[in-house]
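Participant: Numbering (my numbering), first residue to last: 4 to 497.
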Ligand SMILES: [Zn+2]
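(1) Quick check on the DSSP output: the alpha helix (DSSP H) that includes residue 55 runs from which residue to which?
(2) Judging by CA-CA distance, which residue of 131, 106 and 108 is the nearest neighbour of residue 97?
(3) Rounded to the nearest angstrom, what separates residue 288 and residue 471 at their Cα positions?
(4) Flag this pair as yes or no: are the beta carbons of residue 75 and residue 313 separated by less than 8 Å?
(5) Using DSSP with H/G/I as helix, E/B as strand and the rest coil, what is residue 282?
(6) Taking three-plus beta-carbon pairs below 8 Å as touching, is the region 421-437 in contact with the region 329-344?
(7) Which residues are close to ligand 1, meaning CB closer than 5 Å to any heavy atom, in chain order?
(8) Which complete alpha helix (DSSP H) runs does the region 265-319 hold, if anything under 4 residues is left out?
(9) If you reduce the DSSP assignment to three classes, tell me which class residue 410 lands in.
(10) Helix, strand or coil: how does DSSP classify residue 10 here?
(11) Going by C-alpha distance, which of 402, 458, 441 and 487 is nearest residue 32?
(12) Could you spell out where the alpha helix (DSSP H) holding residue 131 opens and where it closes?
(13) Taking C-beta to C-beta, are residue 163 and residue 144 nearer than 8 Å?
(14) So, residue 336 versus residue 422, is the Cβ gap smaller than 8 Å?
(15) Reducing DSSP to helix, strand and coil, say where residue 215 ends up.
(16) Report yes if the CB atom of residue 19 is closer than 8 Å to the CB atom of residue 80, and no otherwise.
(17) Looking at the unbroken alpha helix (DSSP H) that takes in residue 190, where does it start and where does it end?
(18) Going by Cα to Cα distance, which pick from 100, 175, 113 and 373 is closest to residue 56?
(19) Determine the direct distance from the alpha carbon of residue 30 to that of residue 253, and round the result to whole angstroms.
(20) So what's residue 483 in DSSP terms, helix, strand or just coil?
(21) Hey, could you find the ends of the beta strand (DSSP E) residue 37 is sitting in?
(22) What residue range does the alpha helix (DSSP H) around residue 94 cover?
(23) Would the beta-carbon of residue 7 fall within 8 Å of that of residue 102?
(24) Please name the residue, chosen from 118, 459 and 112, that lies closest to residue 142 on a Cα-to-Cα basis.
(25) Measuring only the C-alpha atoms, how far is residue 299 from residue 308?
(26) Which residues does DSSP list as the beta-bridge partners of residue 241?
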């Protein structure tokens, strides 16, 4: 008899410092696909759901599709959103019957209004429904904050091994193939999790330059070989979550009786601690970045400036004005920024119409520490519905909708104004708005690291801006943590 495998995705990276709640509308705005919609929307994309679907074909499983939910990082997931999405998964189990196995695409850093650890709350509900014997495989983003309870409730846990995250499909494949071995009775896995007293680590997981993440992943592979481990994951953690257990983890999946699991987890934990100060990115001021861009960037070889402290992909509001102000002050030519979250300005552009000249008060609506609104005269050079498909290496093929959008041009600077927050990690964030990024001299993106996957190949240089004070700033001491376990590095002395 064909094994029925339930597939569901419920992702969120919750920045507890962000004032914007993550409600059901936030999921609808990014990705909320029910049942067969999951197949039509996500088959053939570089996502875990596509990987799970293909695994069902390969292993001759019958896929039972529940829901694939993802929302842009922001504040806590509301009770209503958590109940709707988790409730739908439980309802599908009720209707279709207890499946032979479950494959879950989670982020690993979800905080809800009711639960510090959204993932274990979801897993607990599923376990209550299906019991302990149904194998559950879980994929995580490497920015997961993972509790021991999650490790007890799942059978397989595997995380991405790349940042930018270009291995989402491959991570799902590794997870599903291990679940296949559980179903075949070949393995009886147990999960071991080790974490140290640190909030951030392994260079926040970057794999684009030699550094601790790549060396620790290589160490993890050696240990896996040496001890015959089934899977080893290194999570950098998500430090912008004021919860007790935030921070990096080493996660080992091994046969229940394999004593090498604890040895490997401990060795990796110690290496994550030893390398905690290693950081491969030079964070500089907006003024310095703009001055570098003016010297280096030219048409056909754009200089890329990333706004680290206001990255919507980490829960930032996406409307900070520090970088844009520096660009305007420097009177940059042939430059573009995408995108600035400002629905009010989009509406003003729509009302004024294409070609209109008007004064706007741009951005600066949410995070005073990152600059007040910029009052500037400019021209509406484009109006758009804000819908496009990603074509770069990350989440390839996934549909994006940044809502009604406008291109507003101030002197030599084109600014994409968006009605929804979104991280720019794909050249379509310019191309969809009539801008050919490769022809620009300067590109500014609201992203901290993911942009490198698609922009590094065309960049003549890259600068990363963090003036401190933003809710995705690397200056953790500027944030008011109340719930973290203490002492913890780098907030406390060791
Ligand atoms: Zn991540």
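Even for Gly, the Cβ is constructed at its ideal location relative to N, Cα and C.
Facilitator: This is what the structure gives:
(1) 51-62
(2) 131
(3) C-alpha separation (whole angstroms): 9 Å.
(4) By the CB criterion at 8 Å, residue 75 and residue 313 fall outside the cutoff.
(5) Coil, per DSSP.
(6) Touching, yes, given that three or more Cβ pairs across the two stretches are closer than 8 Å.
(7) 144 and 146
(8) 289-299
(9) strand
(10) Strand at residue 10.
(11) 402
(12) Judged by DSSP secondary structure, residue 131 falls within the alpha helix (DSSP H) whose first and last residues are 121-133.
(13) yes
(14) In this structure, the beta-carbon distance from residue 336 to residue 422 does not fall below 8 Å.
(15) helix
(16) no
(17) Careful: residue 190 lies outside any alpha helix (DSSP H) and carries neither H nor E.
(18) 175
(19) 29 Å
(20) coil
(21) 34-37
(22) 82-99
(23) It is a contact, given that the beta carbons lie within the stated cut-off.
(24) 112
(25) 12 Å
(26) DSSP, once it has assigned bridges, lists no residue as partnering residue 241.
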